[in-house]
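**Student:** I am attaching a structure below and will ask some questions about it afterwards.
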Amino acid sequence: NVRDETPIRILFLLVDEIFDLHRESQFTRQGNFAILRKIFQTFFGIRVNKMIIAKACEWTSAPKITQLITYLRDYFWPPKNKSLKSTALTERDKEMKLRTRVLCRTVLLGSVSEEFAQFLGNETTRRGVSCVFNMLQEERFNRRFVHTVLEAFLCHLFRPYHAHWEAIYEKDLCPLKCGRICRSHKSSV
1 NVRDETPIRI
11 LFLLVDEIFD
21 LHRESQFTRQ
31 GNFAILRKIF
41 QTFFGIRVNK
51 MIIAKACEWT
61 SAPKITQLIT
71 YLRDYFWPPK
81 NKSLKSTALT
91 ERDKEMKLRT
101 RVLCRTVLLG
111 SVSEEFAQFL
121 GNETTRRGVS
131 CVFNMLQEER
141 FNRRFVHTVL
151 EAFLCHLFRP
161 YHAHWEAIYE
171 KDLCPLKCGR
181 ICRSHKSSV
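UniProt numbering applies: residue 1 is where the sequence shown begins, and numbers increase by one.
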């Protein structure tokens, strides 16, 4: 069933994109990766799909979302009462920022399993991790990523009102005003 394999297909596409396995110069590695993907999907696909879905459900569960919203609330509007936990942050100096960057890059590189890194190749793994790290340093990307996740979350949360949202979206947010393509302008763009 194609719908049942969606999480693992997305995972393999993400790995393929991050580690740039679709390049022609890595033809043999791409072929090996395709064979590995078929074997992996055959033997572990159902289990991994269930694990991915369980993690996604856990991360989007009400307690987790409540925790994140509470953190954001306390960050942007710190509590006046000093007895409540405050999340006020101080500005870090340049050396501390550089140490944190090196530590985060090292932890990110260390999070890739040794077997996977050997299969992909150490240089390919390093480039892929560096690509992800550099992407996460872009403020515009992070802001867009948060907006996209928030939009998906709100659409999922208010699914019964989808038709009403579409009407508002097409009326007020057409390409003439914001650059996004709505149903009524899809053929003309």
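Just so it is clear, CB atoms sit at the ideal spot from N, CA and C, and this is done for glycine as well.
Can you find the residues in the same chain that come closer than 6 Å, C-beta to C-beta, to A62, ignoring five residues on each side of it along the sequence?
**Tutor:** By the criterion of a C-beta distance shorter than 6 Å, A62 is surrounded by no residue of its chain, once the five residues flanking it on both sides are discounted.
**Student:** So what does DSSP say about Q137, is it helix, strand or coil?
**Tutor:** coil
**Student:** Measuring straight from C-alpha to C-alpha, what distance separates W77 and R47?
**Tutor:** 42 Å
**Student:** Which two residues bound the contiguous alpha helix (DSSP H) that contains V107?
**Tutor:** Residues K94 to G110.
**Student:** Mind checking which residues open and close the alpha helix (DSSP H) that includes K80?
**Tutor:** Premise fails: K80 is in no alpha helix (DSSP H) and is neither H nor E.
**Student:** Within this structure, are the beta carbons of C131 and D16 separated by less than 9 Å?
**Tutor:** no
**Student:** For L36, tell me which candidate among L150, G110 and E115 has the shortest Cα-Cα distance.
**Tutor:** Minimum Cα distance to L36 is reached at E115.
**Student:** On the DSSP letters alone, give me the boundaries of the alpha helix (DSSP H) that P7 sits inside.
**Tutor:** T6 to I18
**Student:** Where I18 and G128 are concerned, what is the direct C-alpha to C-alpha distance, given to the nearest angstrom?
**Tutor:** The C-alpha of G128 is placed about 5 Å away from the C-alpha of I18.
**Student:** For F153 versus I10, is the C-beta spacing smaller than 9 Å?
**Tutor:** Cβ distance not < 9 Å, so F153 and I10 don't count as in contact.
**Student:** Hey, how far is the Cα of K55 from the Cα of V149?
**Tutor:** 15 Å
**Student:** Just to confirm the assignment, what range does the alpha helix (DSSP H) spanning E114 have?
**Tutor:** That run of the alpha helix (DSSP H) goes E114 to L120.
**Student:** Contact check, R105 vs F133 under 8 Å by CB: the rounded distance?
**Tutor:** The Cβ separation is near 5 Å, so the contact holds.
**Student:** Straight-line CA distance for I69 to Y75?
**Tutor:** 10 Å
**Student:** In angstroms with no decimal places, state the Cα-to-Cα distance between N49 and A34.
**Tutor:** 18 Å
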